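Here the structure comes first, spelled out in structure tokens, and everything after it is commentary.
Protein chains in written order, with UniProt numbering: chain A, 1 to 459; chain B, 1 to 459.
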């Protein structure tokens, strides 16, 4: 960076309105961190653009002066994506938060990047539509596209990348492009929409998104199925997927984690591996699906299969899954949550979860295991004391162990949280020489290295 | 190219076994064309690699000597992808046609690029699985990935890109990379699998594919629904999609096209816009889906809704759709088929099909219209005399008119056939400055421009 902070602020104020540029220490501090355990770092300035044109002007200025730019949504990243380790500009999209257009017949919506998924769903509800991707946090859609977020519903509706039809992107040098179109499919040119989704702010800045949406299902039924072993539960999942039953969510929680919820909530759920399932469909079709899924679960050793369709009863049935993280947070005041995120082929999931449980227990730490089991993606939720180097070390070793286990079995180091800074060190092992191709693409799109430097690639 | 043909053949024979290299004129002629109306061009040599290592050696040699390389599957392209306009090597994958591994629990299969989809489905059937993408032609899976093929089933199961988990790719300089993993999802690094799919041999050569497969549905039901207008038919489609009914195929055929089938087959199908539908599901669930779809069709003016579950009866019900192209081919002996391929947002489909019909009629040519209507993708099938410059001109003008219509409404110039040479001229209009980004990526991956030169980009 060639400009000192004071000059940076004053020069930016000549480009966009003064009240959209600040170096207020409180604001800087808010933009120095995310929800992860990664070390905070202050930006030099926070800018709040109101339009694509403003973003373009900011990028032209930043590129000319080699100033790092890190996009910021709501800071819900779990891998440090929004932390500006090289300082420079934190580009906050909270003023670009409009739902621009709903096209019900096309099952499409056009939004600005600062719109959150709950905000979008509120608008869509009036049209009988909903946005499917649910990563837990009420993240911004720009952030979700940048990290290729997914979550509990991707087994049915796909991940964030599957929903993105078109992105308006401001490139490092301020050029504005569109990556796709409004069509359901296309074989025209390279699929750069898919390339930008998951690029974590390192290839360009998203200023508009066209996203796929779905009709709200007529009926939603939730179920909870208890199994004697993780293996039985996963086998039931594979049978259900093979049969083509359109499961909308399918979450595995291991026995130890349910025990923690019981302790915290004073409940008495069976402390055994449990599947939390959600079915979306029409009245008659769903009855059949639920019956069939129950039959398959029972054939695979299920001891208890409960289901509910009423909204409140559904919520209660899923209580354990919803309260899981909180049950661990509650017992560890002052600690920070660290969430691992590997993904394996489904055939490797039983072994992976058993290995993860053994590794957690061996480490002496306490941790929940929850899996988006239809996708082979699971998380270990650990509570760690950031000021205890020994505990940090243990947690990092456990994370590394889980990643190695997955990579040795055709898996991925991150199923949905992204690379950020936390998974940079595993990129070479996972991608081999393909990492050089990725870096080559990065260098073409951002020759001066100003776009979210320090993420995905090791500097 | 720096080497003359004789030297090229003899040098290649020092790299891989002699019987896998030929400049036999008949073989060259077979590799000079595809199923399209585009002008043939001979390669200098045809090479039949047997392994990834051989492909790598060929690419090292070709890159060093700046020799164009054009991959060849079965030549079913409709846009000239496999025609080696710059001569050089035609790389034919017929000896790399093994299904390497089936992983039923992972719903994955690992294949070589020369495997055809019917060959794969024969193997998968034993496992109760099937590969969903059905572009009509029995193309190779390498070719289908290279063009991002889709077809009738993509409304339910997605396009080729959605099925590709990992590609083994030999780069222009002979390096071998893997683009993905075996997991259902990943947020690790840039999504280069999606970039290579649809790159039409211009970024690298596929030597292995890991593809997603599905359980064979318990029951398949076919239906035919006749509507008074195209608008009514499309409105019924949107209602059905909104209701979340899991339709596996949904094809629209226009009235003029059915008339041609009646003439050719001596049948008396109602000469009105007709939807051909296929439902995949379980016994009870499907009954409900078909009833519901019928109800929605009737609410939208449907005059006749027939359905059949028995395999032979299903086939008969879809007879018109199956015989459509042939009915036009039959009446035009000596002519070649030209198939247009635009895609529009569904809300624009009614207007697009009405406009297409008017444009065909105005041109004085005869043409069928068939639409993958759930995707907004439709084809005009024209029979043209390649030796009649006036007719060629008319057909090209019609194609250009349809593309412009689509691009002016947020559409794409190709829904599933790819760019090849036929859609190069529309890339700038469709992609704007994004085309420069695509070209930048091409130059990083293929700095000497040897990979299928003359495709996607205008030289």
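The C-beta atom is built at its ideal place from N, Cα and C for all residues, glycine as well.
Nothing here was measured: the structure is a model prediction, and the numbers come from that model.
Any C-beta of chain A sitting closer than 8 angstroms to the C-beta of residue 289(B)?
For residue 289(B), at least one C-beta of chain A is nearer than 8 angstroms to its own C-beta.
Using a Cβ-Cβ cutoff of 7 angstroms, what residues of the stretch 143 to 168 of chain B are near chain A? List them in chain order.
Listed by position along the chain: 147, 148, 150, 154, 159, 161.
C-beta contact flag for residue 152(A) and residue 372(A) at 8 angstroms
For the 8 angstroms CB-CB criterion, residue 152(A) and residue 372(A) form a contact.
If distances are taken between C-alpha atoms only, which option among 96(B), 284(B), 279(B) comes closest to residue 293(B)?
Closest by C-alpha distance to residue 293(B), out of 96(B), 284(B), 279(B), is 279(B).
Beta-carbon proximity list for residue 387(A), same chain, < 7 angstroms, skipping 5 on both sides:
Within the same chain, residue 387(A) has no close Cβ partners at all.
Just by C-beta distance, which residues in the stretch 185 to 206 of chain A are closer than 8 angstroms to chain B?
Under the 8 angstroms Cβ criterion, the stretch 185 to 206 of chain A contributes 185, 186, 187, 188, 189, 190, 191, 192, 194, 195, 197, 198, 199, 203.
Ordered along the chain, which non-local residues of its own chain (more than five positions away) have a Cβ less than 7 angstroms from that of residue 241(A)?
So the qualifying residues of the chain are 374.
Does the beta carbon of residue 96(B) come closer than 8 angstroms to any beta carbon on chain A?
The beta carbon of residue 96(B) does not come within 8 angstroms of any beta carbon belonging to chain A, so the residue lies off that interface.
Buried or exposed: residue 425(B), going by 16 or more other Cβ atoms within 10 Å of its Cβ?
Exposed: under 16 other Cβ atoms inside 10 Å.
Enclosing alpha helix (DSSP H) for residue 367(A) [first to last residue]
From DSSP, residue 367(A) is part of no alpha helix (DSSP H) but of the beta strand (DSSP E) over 367 to 372.
Report the option in 295(B), 262(B), 417(B) whose CA atom is closest to the CA atom of residue 326(B).
Selection 295(B), 262(B), 417(B) evaluated against residue 326(B) yields 262(B) as nearest (Cα-Cα).
Which residue's Cα is closest to the Cα of residue 180(A): 78(A), 188(A), 173(A)?
Closest in alpha carbon position to residue 180(A), among 78(A), 188(A), 173(A), is 188(A).
Can you check which of these residues, 47(B), 117(B), 348(B), is closest to residue 23(B) by C-alpha distance?
Nearest C-alpha to residue 23(B): 47(B).
Can we say the stretch 328 to 347 of chain B touches the stretch 296 to 304 of chain B, given the rule of at least three CB pairs closer than 8 angstroms?
Because the criterion of three Cβ pairs below 8 angstroms is not met, the stretch 328 to 347 of chain B and the stretch 296 to 304 of chain B do not touch.
Cβ atoms of residue 226(A) and residue 302(A): under 8 angstroms apart, would you say?
Yes, these two residues count as a Cβ contact at 8 angstroms.
Cβ shell of residue 392(A) (< 7 angstroms), same chain only, five flanking positions each side left out:
Excluding residues within five positions, the ones whose Cβ falls inside 7 angstroms are 384, 386.
is_contact[residue 243(A), chain B] using C-beta, thresh 8 angstroms
Nearest CB-CB separation between residue 243(A) and chain B: below the 8 angstroms threshold.
Tell me the DSSP secondary structure of residue 71(B) in three-state form.
Shown here, residue 71(B) sits in a strand according to DSSP, grouped into three states.
Need the endpoints of the beta strand (DSSP E) that residue 24(A) sits in, please.
Premise fails: residue 24(A) is in no beta strand (DSSP E) and is neither H nor E.
Residues that residue 222(A) bridges to, as DSSP identifies them:
Partner(s): 278(A), 308(A).
Is residue 299(B) close to chain A? Criterion is C-beta to C-beta, closer than 8 angstroms.
False, the Cβ-Cβ gap to chain A never drops below 8 angstroms.
Mind checking whether the beta-carbon of residue 100(B) lies closer than 7 angstroms to any heavy atom of the ligand COA?
By its list of ligands, the structure shown contains no ligand whatsoever, and the ligand COA lies outside what it can speak to.
Is there a C-beta anywhere in chain B that falls below 8 angstroms from the one on residue 427(A)?
Yes - at least one Cβ of chain B is within 8 angstroms of the one on residue 427(A).
Name, please, each residue of chain B whose Cβ falls closer than 8 angstroms to the Cβ of residue 59(A).
The premise fails here: residue 59(A) is roughly 14 angstroms from chain B at the closest Cβ pair, so nothing lies under 8 angstroms.
Taking buried to mean at least 16 other C-beta atoms within 10 Å of its own C-beta, is residue 334(B) buried or exposed?
The residue is exposed, with fewer than 16 neighbouring Cβ atoms inside 10 Å.
Those runs of the beta strand (DSSP E) which lie wholly inside the stretch 156 to 186 of chain B and span at least 3 residues:
Within the stretch 156 to 186 of chain B, the runs of beta strand (DSSP E) at least 3 residues long that lie entirely inside it are, in chain order, 164 to 170, 176 to 178.
Take residue 71(B) and list the residues in its own chain whose beta-carbon comes closer than 6 angstroms to its own, dropping the five residues that flank it on each side.
Here the set comprises 91, 201, 205.
Comparing C-alpha positions only, which one of 61(B), 28(B), 35(B), 39(B) sits nearest to residue 16(B)?
If we check each option's Cα against that of residue 16(B), 61(B) comes out closest.
Compile a chain-ordered list of the residues in the stretch 331 to 347 of chain A whose CB is closer than 7 angstroms to at least one CB of chain B.
Taking 7 angstroms as the Cβ-Cβ cut-off against chain B, the residues of the stretch 331 to 347 of chain A that qualify are 343, 344, 345, 346, 347.
With 8 angstroms as the C-beta to C-beta threshold (strictly closer), list the residues of the stretch 221 to 246 of chain B near chain A in chain order.
Taking 8 angstroms as the Cβ-Cβ cut-off against chain A, the residues of the stretch 221 to 246 of chain B that qualify are 238, 241, 242, 243, 244, 245, 246.
Using the rule of at least 16 other Cβ atoms within 10 Å of the residue's Cβ for burial, across every protein chain shown, is residue 416(A) buried or exposed?
Looking at its Cβ environment, which holds 16 or more other Cβ atoms inside 10 Å, residue 416(A) is buried.
With distance defined between alpha-carbon atoms, name the residue in 448(B), 35(B), 67(B) nearest to residue 9(B).
It is 67(B) whose Cα lies nearest to the Cα of residue 9(B).
Residue 251(A): first and last residue of the uninterrupted beta strand (DSSP E) it sits in
247 to 253 is the extent of the beta strand (DSSP E) around residue 251(A).
Among the candidates 351(B), 370(B), 376(B), 380(B), whose CA atom is the shortest distance from the CA of residue 363(B)?
Of the listed residues, the one whose Cα sits closest to residue 363(B) is 380(B).
Measuring only the C-alpha atoms, how far is residue 328(B) from residue 370(B)?
Going from the Cα of residue 328(B) to the Cα of residue 370(B) covers about 12 angstroms.
When Cβ atoms are compared, which residues of the stretch 406 to 430 of chain B fall closer than 7 angstroms to chain A?
Under the 7 angstroms Cβ criterion, the stretch 406 to 430 of chain B contributes 410, 411, 412, 413, 414, 415, 416, 417, 418, 419, 423, 427, 430.
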